[in-house]
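Trainee: Everything in the sequence shown is counted per the UniProt record's numbering, starting at 1 for the first residue and increasing by one. Ideal Cβ positions, reconstructed from N, Cα and C, are used throughout, including at glycine.
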Amino acid sequence: MSFRPSFRQLEYVVALHDLRHFAKAARHCNVSQPTLSVQIALVEHGLETPLFERTSSQVIATPAGERLARGARVLLASRDELLSDLSSQAKALGGTIRLGTPPTFGPYFLSRLLPKLHEQYSALQVYIREDNPTAIESLVADGSLDCGLGPSPERAGLSFSRIGREKLYLGVPAEHDLARLASVSLRDLAGEKLLALGRGHRLLENVRHLAEASGARIVDDFEGTSLDAIRQMVSIGMGLSVFPELYARAEFRPQDDVRLIEFGDWNEQREVGLYWREASGRERHFHALAEAANRVGALLGLR
Numbered sequence: 001m002s003f004r005p006s007f008r009q010l011e012y013v014v015a016l017h018d019l020r021h022f023a024k025a026a027r028h029c030n031v032s033q034p035t036l037s038v039q040i041a042l043v044e045h046g047l048e049t050p051l052f053e054r055t056s057s058q059v060i061a062t063p064a065g066e067r068l069a070r071g072a073r074v075l076l077a078s079r080d081e082l083l084s085d086l087s088s089q090a091k092a093l094g095g096t097i098r099l100g101t102p103p104t105f106g107p108y109f110l111s112r113l114l115p116k117l118h119e120q121y122s123a124l125q126v127y128i129r130e131d132n133p134t135a136i137e138s139l140v141a142d143g144s145l146d147c148g149l150g151p152s153p154e155r156a157g158l159s160f161s162r163i164g165r166e167k168l169y170l171g172v173p174a175e176h177d178l179a180r181l182a183s184v185s186l187r188d189l190a191g192e193k194l195l196a197l198g199r200g201h202r203l204l205e206n207v208r209h210l211a212e213a214s215g216a217r218i219v220d221d222f223e224g225t226s227l228d229a230i231r232q233m234v235s236i237g238m239g240l241s242v243f244p245e246l247y248a249r250a251e252f253r254p255q256d257d258v259r260l261i262e263f264g265d266w267n268e269q270r271e272v273g274l275y276w277r278e279a280s281g282r283e284r285h286f287h288a289l290a291e292a293a294n295r296v297g298a299l300l301g302l303r
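1) Counting Cβ pairs closer than 8 Å, one from the region 197-204 and one from the region 217-234, do we hit at least three?
2) Please determine if the region 94-113 and the region 122-129 are in contact, where contact requires at least 3 C-beta pairs separated by less than 8 Å.
3) Around the C-beta of Leu83, are 16 or more other C-beta atoms found within 10 angstroms, so that it is buried, or is it exposed?
4) Relative to the C-alpha of Glu271, which residue among Glu154, His285 and Arg284 is closest?
5) Starting from Ser214, follow the alpha helix (DSSP H) in both directions and report where the run begins and ends.
6) So is Glu166 buried or exposed if we call it buried at 16+ other beta carbons inside 10 Å?
7) Please list, in chain order, all residues of the same chain as Leu19 whose beta carbon is under 7 Å from its beta carbon, the five residues on each side excluded.
8) Tell me Tyr121's beta-bridge partners as DSSP assigns them.
9) Should Glu11 go down as buried or exposed, given a rule of 16 or more other Cβ atoms within 10 Å for buried?
10) From what residue to what residue does the beta strand (DSSP E) around Glu262 run?
11) Do three or more CB pairs link the region 225-244 to the region 137-147 at distances below 8 Å?
12) Grab the span of the alpha helix (DSSP H) containing Gly46 for me, first residue to last.
13) Report all residues from its chain with a CB closer than 8 Å to the CB of Leu274; omit the five preceding and five following residues, and keep chain order.
14) Quick one: using the 10 Å Cβ neighbour count with 16 as the cut-off for buried, is His17 buried or exposed?
15) List the endpoints of the continuous alpha helix (DSSP H) containing Ser235.
16) By the 10 Å Cβ neighbour count, where 16 or more other Cβ atoms means buried, how is Ile236 classified, buried or exposed?
17) Counting only the same chain and skipping the five closest in sequence on each side, list residues whose C-beta sits under 6 Å from that of Glu137.
18) Going by the CB atoms, is the gap between Ala250 and Leu260 shorter than 8 Å?
19) At the level of alpha carbons, what is the spacing between Asn206 and Ala41?
20) So, at 8 Å on beta carbons, what are the nonlocal neighbours of Ser88 in its own chain, with the 5 sequence-adjacent residues on each side left out?
21) Taking the alpha-carbon positions, what's the Val172 to Asp256 distance?
22) Give the single residue among Arg282, Arg180, Leu168 and Met238 whose Cα lies nearest to the Cα of Lys193.
23) For my contact list, Arg70 and Asp142 are in at a C-beta cut-off of 8 Å; report their separation, rounded to the angstrom.
24) What does DSSP give as the partner residues of Gly100 in its beta bridges?
25) Quick check: the region 183-191 against the region 109-126, are at least 3 beta-carbon pairs closer than 8 Å?
26) Keeping to the same chain, check which residues put their C-beta closer than 8 Å to that of Gly191; ignore five residues upstream and five downstream.
27) Which partner residues does Gly171 have in the DSSP bridge list?
28) Can you say whether His45 is buried or exposed, counting buried as having 16 or more other CB atoms within 10 angstroms of its CB?
29) Determine the extent of the beta strand (DSSP E) in which Glu53 is found, giving its start and end residues.
30) Beta-carbon within less than 8 Å of His21's beta-carbon, same chain only, minus the 5 sequence neighbours each way: which residues are those?
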C-alpha cells in the first residue's frame with residue numbers, strides 16, 4: 001500500500017473518533033471544520049475505505065475507523081514518547097507522566113512515593129487516574145496512559161518491573177467465631193460467604209482462588225465497588241472478604257468492627273509493580289520511576 005496518512009491526519013482521525021463531531025474535533029485540533037473534513041476525506045480516499053458514518057446528529061466510526069483510531073493513538077503516543085526522550089529531559093526523569101493505578105493500591109503507595117519523586121525530580125509532573133487494573137492495562141496499551149502502578153498485568157505487550165508482593169488478610173466481623181483465632185485455615189472457611197470487588201479487579205481473582213481452595217462461596221448478587229464498601233458490609237455480618245496489606249495497614253484499627261486474620265495454610269499474595277508499553281520511547285524514564293518505586297517498596301516491607 002503506497003498511501004500513508006501523516007501524523008497530523010492521524011490526529012484528526014483520533015479526535016473525530018473520540019468526539020464524534022466534526023466541529024468539536026476541529027476545535028480540539030485548532031483547525032477549521034472544512035480543513036478537518038477535507039483531511040478525513042483524503043485519508044478515506046487514500047485507504048479506499050470509509051472510516052466514519054455521518055449522521056445528522058453525530059459521527060460514528062466504522063470498523064475500519066475504530067481500528068485505525070486505535071492504532072493511531074498508539075503510534076502518536078510512541079512518537080511523543082520518542083521525541084520526549086530525545087529532548088533536553090532525556091538524561092533525567094522530567095516532564096509529564098500519566099499514571100494509572102487502582103484505588104486498592106495507589107493511594108497507599110503513592111503517598112510515600114510522590115514526595116520522594118518531587119524531591120529528586122522537581123520538574124516532574126504526575127497525573128494520576130484511578131481505575132480497575134483491567135481498564136488501566138487497556139489505557140496503557142492504547143497510549144491513553146503512560147504507565148500503570150499496581151498488580152502485575154495480564155495483558156500482552158506490557159513490560160513489568162516488580163516492586164514486591166503484598167500479603168492478603170482475611171477480614172471477619174468482630175463478633176464472628178473466627179475473630180478469636182490468630183490465624184485461619186482453609187477448612188475453617190468451608191461454607192462461609194465471601195464478598196468480592198467487581199470484574200476488572202485482581203482481588204476478585206484472589207477471592208475466587210480462596211473460595212475454590214476452601215469450599216467457601218462468593219456472594220453472587222453483590223459486586224463491591226470499593227474496599228471501603230466491602231469493609232462496611234463485613235462489619236455488619238454480611239460476609240467475609242480478603243484485604244491487601246497496604247490497605248489493611250492504613251485503614252484497619254484494633255477497635256474496628258472488622259478483625260484481620262492471617263492465613264495459616266493459604267499463601268497466595270499479589271505481585272505489584274510498574275508497567276508500560278513494550279519498546280516505549282520513554283523506557284529509560286519508566287526504569288528510573290521503577291527504581292524509585294522499588295526503594296519505597298523496600299521501606300514499606302514489600303518483599
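Mentor: Quick answer:
1) Verdict: yes, contact present.
2) A contact exists between the region 94-113 and the region 122-129.
3) So Leu83 counts as exposed.
4) Looking from the CA of Glu271, the closest CA among Glu154, His285 and Arg284 belongs to Glu154.
5) Under the DSSP assignment, Ser214 falls in the alpha helix (DSSP H) whose first and last residues are Arg202 to Ser214.
6) Counting the other CB atoms within 10 Å of its CB gives Glu166 a total of 16 or more, which places it among the buried residues.
7) Correct list, in chain order: Ala25 and His28.
8) Tyr121 is not bridged to any residue.
9) Result: buried.
10) Counting along the chain, the beta strand (DSSP E) containing Glu262 begins and ends at Val258 to Phe263.
11) Touching, no, given that fewer than three Cβ pairs across the two stretches are closer than 8 Å.
12) For Gly46, the enclosing alpha helix (DSSP H) has its first and last residue at Gln33 to Leu47.
13) The beta carbon of Leu274 sits closer than 8 Å to those of Cys147, Gly148, Leu149, Phe160, Ser161, Ile163, Phe286, Leu289, Ala290 and Ala293, all from its chain and outside the five residues before and after it, given in chain order.
14) With 16 or more other Cβ atoms within 10 Å, it is buried.
15) Where Ser235 is concerned, the enclosing alpha helix (DSSP H) stretches over Leu227 to Ser235.
16) Answer is exposed; the Cβ neighbour count stays below 16.
17) Spatial neighbours of Glu137 in its own chain (CB-CB distance under 6 Å, excluding positions within 5 residues in sequence) are listed in chain order as Pro153 and Arg155.
18) Taking the C-beta atoms as reference points, Ala250 is found no nearer than 8 Å to Leu260.
19) The alpha-carbon separation between Asn206 and Ala41 amounts to approximately 49 Å.
20) At Ser88 the pLDDT is 49, less than 50, meaning the model places this residue with poor confidence; the figure from the coordinates comes in the next sentence. If we look at Ser88 and ignore the five residues flanking it on each side, it has no Cβ neighbours.
21) Whole-angstrom Cα-Cα distance: 11 Å.
22) The shortest Cα separation from Lys193 among Arg282, Arg180, Leu168 and Met238 belongs to Met238.
23) Confirmed, Cβ separation roughly 6 Å.
24) Arg129 and Gly148.
25) As far as the Cβ criterion goes, the region 109-126 does not touch the region 183-191, which means the pair count is below three.
26) Contacts found: Gly215, Ala216 and Arg217.
27) BP columns for Gly171 point to Ser241 and Leu260.
28) Sixteen is the threshold: since fewer than 16 other Cβ atoms of the shown chains lie within 10 Å of the Cβ of His45, the residue is exposed.
29) Glu53 -> beta strand (DSSP E) spans Phe52 to Arg54.
30) Taken in chain order, the residues that qualify are Gln58 and Val59.
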